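Enquirer: Sending over a structure as structure tokens; questions will come in a sec.
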Amino acid sequence: MLKVSDMSPAEMHALLQRESFGHLGCARDGRPYVVPMNYAYDGKDLYFFTTQGMKTEFIEANPQVCLQIEEITDSTKWRSVMVIGRANELTTADEMQRAMKLITERNPSLTPAISATQLDSLGRAVDIALYRITPEIIDGRQTVS
């Protein structure tokens, strides 16, 4: 029988640092929306970028989001962390530059997508939106050998 236990705070934070990919859950008008998402974690908050579209519409309507991150070896050996919090769009040039630096350092393959983004005269992205998730709840489970 598969046994599952809670992860310690140190184990959860280590998984958030180690991984850079998860699934972002949003809800609007009672409808859920879940999408795969690259992210960066600075030890406190999580950051992600996306193009303007359905995700940004859902987050604008309801900034409460959930990001699920997992590490799976096989169906009997896995770890999963759930971060529930508020997604805030970054609007200042300093915030955006810091977030882009974190994201591209953590996910170098995303550099071309971010580099293609145009900035307006105030330094704000016009093609993408950058968000910070401030965790309210971090919870994790793992299988036990």
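Counting in the working numbering, the sequence shown runs from 18 upward without gaps. Just so it is clear, CB atoms sit at the ideal spot from N, CA and C, and this is done for glycine as well. Every value quoted in this text rests on a predicted model; they were computed, and no experiment measured them.
Taking C-alpha atoms, which residue in Phe75, Lys72, Asp62, Ile86 lies nearest to His40?
Expert: Ranking Phe75, Lys72, Asp62, Ile86 by Cα distance to His40 puts Ile86 first.
Enquirer: Output needed for Val161: all residues of its chain with C-beta closer than 6 Å, excluding positions within five of it in sequence on either side, in chain order.
Expert: So the list reads Lys20, Ser22, once near-sequence residues are dropped.
Enquirer: With a cut-off of 8 Å on the beta carbons, I'd call Pro49 and Gly42 a contact; round off their distance for me.
Expert: With a Cβ gap of about 6 Å, Pro49 and Gly42 count as contacting.
Enquirer: By Cβ distance, which residues of its chain are closer than 8 Å to Gln34, with the 5 residues on each side in sequence left out?
Expert: Contacts found: Tyr58, Gly60.
Enquirer: Helix, strand or coil for Glu28 per DSSP?
Expert: In this structure, Glu28 counts as helix in the three-state DSSP scheme.
Enquirer: Quick one: what does DSSP say Thr73 is sitting in, helix, strand or coil?
Expert: Three-state DSSP puts Thr73 in a helix.
Enquirer: Less than 8 Å between the beta carbons of Met18 and Arg158, yes or no?
Expert: Not closer than 8 Å, so no.
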